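Worksheet: one structure, shown below.
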Amino acid sequence: MPAIDAARLLADLHALRAIGTYKTGVHRPTYGADDVRSRHWLAERLTQAGLLTEIDGIGNVIGRDPCPGSKLLLGSHLETQNHAGWLDGAMGVAFGLEVARTLGRGIDVAGWADEEGHFGSFLGSRSYAGLLPEAEIDGCKSVDDGTPLRTALANAGFAGKPRLTADPARYRGYLEAHIEQGGTLEDAGQKIGVVTAIVGSHRFRIVFEGQQNHAGTTRMAVRRDAGVALIKLGAAIEDRFPSVVGPRTVWTTGRIVLDPGAPSIVPGRAEMLFQFRDTDQARLFALEAELKTLVEQANQGPCRVTIAHIGRSVPRQMDDGFQTALERAAERHAPGSHQRMPSGAGHDAQIMAEVMPAGMLFVPSIGGVSHHYSEDTNEADIVLGCQVFADAAATILAAS
Numbered sequence: 023m024p025a026i027d028a029a030r031l032l033a034d035l036h037a038l039r040a041i042g043t044y045k046t047g048v049h050r051p052t053y054g055a056d057d058v059r060s061r062h063w064l065a066e067r068l069t070q071a072g073l074l075t076e077i078d079g080i081g082n083v084i085g086r087d088p089c090p091g092s093k094l095l096l097g098s099h100l101e102t103q104n105h106a107g108w109l110d111g112a113m114g115v116a117f118g119l120e121v122a123r124t125l126g127r128g129i130d131v132a133g134w135a136d137e138e139g140h141f142g143s144f145l146g147s148r149s150y151a152g153l154l155p156e157a158e159i160d161g162c163k164s165v166d167d168g169t170p171l172r173t174a175l176a177n178a179g180f181a182g183k184p185r186l187t188a189d190p191a192r193y194r195g196y197l198e199a200h201i202e203q204g205g206t207l208e209d210a211g212q213k214i215g216v217v218t219a220i221v222g223s224h225r226f227r228i229v230f231e232g233q234q235n236h237a238g239t240t241r242m243a244v245r246r247d248a249g250v251a252l253i254k255l256g257a258a259i260e261d262r263f264p265s266v267v268g269p270r271t272v273w274t275t276g277r278i279v280l281d282p283g284a285p286s287i288v289p290g291r292a293e294m295l296f297q298f299r300d301t302d303q304a305r306l307f308a309l310e311a312e313l314k315t316l317v318e319q320a321n322q323g324p325c326r327v328t329i330a331h332i333g334r335s336v337p338r339q340m341d342d343g344f345q346t347a348l349e350r351a352a353e354r355h356a357p358g359s360h361q362r363m364p365s366g367a368g369h370d371a372q373i374m375a376e377v378m379p380a381g382m383l384f385v386p387s388i389g390g391v392s393h394h395y396s397e398d399t400n401e402a403d404i405v406l407g408c409q410v411f412a413d414a415a416a417t418i419l420a421a422s
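Residue numbers for the sequence shown follow our numbering, so the first one is 23 and each next one is one higher.
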């Protein structure tokens, strides 16, 4: 198996880290100036690697091998969560670039747009898979400041470009590498995770409408406090969900906003962003039904409560053959130091799995930390992961 160039790989990762640096991490929100810079950086690197490269109308960077024959698509995303880590997404893109240079042919590379959900749900990979209608693009807005997606695309210089879509007949499948974003591998002393399945998630915006009023003169008996209604629903979720969940179900209230948010004003409006995740599709819908029942019960109080979907992804199993190829490559380079495991985070691989075979590889996250600027992985683990990834890619291509 050809050997990757470790120094070149790490230099690429540190070059990406320098675009939007924030403390020890990166702040590179989708379609912001630094995100756009990173996409042009990747397009230049892919072109230098001999791939025919373009940035399409949703911001995906696609590099295509011009040689004849079946291809393997490798990729991940370039944008980050706000003030987050330097490896989440970027490592998988750098792996794809390095494997394309190492193998010389048979590899296409993608840098997907908005996996992190600043504007929508897996916009880039869904677009390439043919699963993103124009009408949805029309309705998407930034969760940070409300900027319409069409405006953001225009500001980024991507408006008017065609959106590229995959030809499944071209591809043997899709492989993605990622930091684990949890502590399973580190706690077990393992170096490589072979992903068996990726969770689905259901995401909601829940709005509480009461009556804004003076905090000192409004009697408790007549208050319609939207903040209190929100807190009561959150407590009801914590009380009821444990009876519905499975062993790997997780749920999170990631954002709470009180309006107007002043100490001497009873909130007249409140909002919470809520999500839950599981690898079992039936359980996801059972959780959704339970949540809607709790919202109905909350409407019996003094405030009006409404719930709206803001995103939904489907759990996906990873291809058995790709799991085997990754596992065998891991055994060659890290004997006894690998394991199969599900992914508790969503990834573009679950989208691509709808149109072609897909697989994923994990490397350890130090302390299990991600979505924070202190996120990190030992460079030796990064290099090992890329070599395993390259070997598995070569094996899959040889078998096609």
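We treat Cβ as the ideally placed atom computed from N, Cα and C, and that holds for glycine. All of these numbers come straight from a predicted model, not from anything done at the bench.
Q. Of all the beta strand (DSSP E) runs that stay within the bounds of the stretch 278-351, which reach a length of 3 or more residues?
A. You should have 291-300, 326-334.
Q. In its own chain, which residues sit with a C-beta less than 6 angstroms from the C-beta of Gly152, not counting the 5 before and 5 after it?
A. Counting only Cβ-Cβ distances below 6 angstroms, and skipping sequence neighbours, we find Thr187.
Q) How many Å lie between Gly343 and Ala191 at the Cα? A) Taking the CA atoms as reference points, Gly343 sits about 18 angstroms from Ala191.
Q) Helix, strand or coil: how does DSSP classify Pro190 here? A) In the structure shown, Pro190 sits in a helix (DSSP, three-state: H, G or I).
Q: Have a look at Cys325, Thr315, Trp273 and flag the residue whose alpha-carbon is nearest the alpha-carbon of Asp300.
A: The candidate whose alpha carbon is nearest that of Asp300 is Trp273.
Q. When burial is assigned at 16 or more other CB atoms within 10 Å of the CB, is Gly91 buried or exposed?
A. By the neighbour-count rule (16 or more Cβ atoms within 10 Å), Gly91 is not buried but exposed.
Q: Assign Leu100 to one of two classes, buried (16 or more other C-beta atoms within 10 Å of its C-beta) or exposed (fewer than that).
A: Looking at its Cβ environment, which holds 16 or more other Cβ atoms inside 10 Å, Leu100 is buried.
Q. How is the beta strand (DSSP E) around Met378 delimited, first residue to last?
A. DSSP places Met378 outside any beta strand (DSSP E), giving it a letter other than H or E.
Q: Could you tell me whether the stretch 248-266 touches the stretch 395-415, using the rule of 3 or more Cβ pairs below 8 angstroms?
A: No contact exists between the stretch 248-266 and the stretch 395-415.
Q. Buried or exposed: Ala33, going by 16 or more other Cβ atoms within 10 Å of its Cβ?
A. Taking all protein chains in view, the Cβ of Ala33 is surrounded by fewer than 16 other Cβ atoms within 10 Å, so the residue is classified as exposed.
Q: Kindly indicate which residue of Ala304, Arg246, Arg227, Val385 has the alpha-carbon position closest to the one of Gly276.
A: The residue with the shortest Cα to Cα distance from Gly276 is Arg227.
Q | Coil, strand or helix - Ile129 by DSSP | A | Here DSSP, grouped into helix, strand and coil, assigns Ile129 to strand.
Q: Return yes when the Cβ of Ala174 is within less than 7 angstroms of the Cβ of Tyr53, no when it is not.
A: With respect to the 7 angstroms criterion, Tyr53 and Ala174 are classified as neighbours on the basis of their beta carbons.
Q) Which ranges would you report for the beta strand (DSSP E) in the stretch 211-272 if only whole runs of at least 3 residues count? A) Listed in chain order, the complete beta strand (DSSP E) runs (minimum 3 residues) inside the stretch 211-272 are 214-220, 222-231.
Q) Would you say the beta carbon of Gly268 comes nearer than 6 angstroms to a heavy atom of the ligand MG? A) Looking at this structure, you won't find the ligand MG or any other ligand, since it has none at all.
Q) Quick one: is Phe411 buried, meaning 16 or more other Cβ sit within 10 Å of its Cβ, or exposed? A) The residue is buried, with at least 16 neighbouring Cβ atoms inside 10 Å.
(Q) One question on the structure: do Glu202 and Pro357 come within less than 7 angstroms of each other, judged by their Cβ atoms? (A) Taking 7 angstroms as the cut-off, the Cβ atoms of Glu202 and Pro357 do not count as close.
Q. Taking the C-alpha atoms as reference points, what is the distance between Gln70 and Gly204?
A. In this model, Gln70 and Gly204 are separated by some 34 angstroms (Cα to Cα).
Q. Using 8 angstroms as the threshold, is the stretch 110-117 in touch with the stretch 210-225, meaning 3 or more CB pairs across them?
A. Touching, no, given that fewer than three Cβ pairs across the two stretches are closer than 8 angstroms.
Q | DSSP state of Phe117 mapped onto helix, strand, coil | A | In this structure, Phe117 counts as helix in the three-state DSSP scheme.
Q. Hey, would you say Gly42 sits closer than 7 angstroms to Asp27, going by beta carbons?
A. With respect to the 7 angstroms criterion, Gly42 and Asp27 are not classified as neighbours on the basis of their beta carbons.
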